[in-house]
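Taken in order, the sequence shown gives residues 399 to 486; the numbers are from this note's numbering. Have a look at the structure below, then the notes.
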Amino acid sequence: MELIRPAGNSGKFYPDDPELIKKMIIQWNDILDKNVTDQNIFKLAPKAIVAPHAGYVYSGFTANFAHKVLGSRHPKRIIVVGPSHHVY
Numbered sequence: 399m400e401l402i403r404p405a406g407n408s409g410k411f412y413p414d415d416p417e418l419i420k421k422m423i424i425q426w427n428d429i430l431d432k433n434v435t436d437q438n439i440f441k442l443a444p445k446a447i448v449a450p451h452a453g454y455v456y457s458g459f460t461a462n463f464a465h466k467v468l469g470s471r472h473p474k475r476i477i478v479v480g481p482s483h484h485v486y
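This is the structure in structure tokens:
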């Protein structure tokens, strides 16, 4: 059985249209490809990345940059550190 949690903030902090998200990522990558003067940065093998997770309008470009540096590498482990956004 596959369990997939519905996206709770779709349309609020990021578009609810997957095609629009793809277009945003393509646009951010185009900006990076045209403006990063040392493309070797994308060949690095990072030990860790720190990527923000706020709404795309606030941090999407920066998060995309971090993940572009990670590229198609397959890390052994991924650790997500973050507080709950709810008060219990």
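Glycine included, each C-beta is placed from N, C-alpha and C at the ideal position. Owing to the predicted nature of the structure, the values given are computational and were not obtained by experimental measurement.
Rounded C-beta distance between residue i and residue j? I'm assuming under 8 Å.
i	j	result
residue 468	residue 450	Actually they are not in contact, since the Cβ atoms of residue 468 and residue 450 sit about 14 Å apart, beyond 8 Å.
residue 412	residue 402	In fact, because the Cβ distance is near 17 Å, the residues do not count as touching under 8 Å.
How about residue i and residue j: do their beta carbons lie closer than 9 Å?
i	j	result
residue 448	residue 464	yes
residue 430	residue 466	yes
Give the single residue among the options whose Cα lies nearest to the Cα of residue i.
i	options	result
residue 406	399, 400 and 414	414
residue 477	436, 416 and 446	446
residue 481	452, 399 and 411	452
residue 408	462, 454 and 441	454
residue 470	432, 441, 422 and 436	441
By DSSP's criteria, residue i is part of a beta bridge. Which residues make up the other side?
i	result
residue 412	408
Any contact between the segment 451-459 and the segment 414-432? By contact I mean 3 or more CB pairs, one from each, below 8 Å.
Contact holds between the segment 451-459 and the segment 414-432, because three or more Cβ pairs, one in each stretch, are under 8 Å apart.
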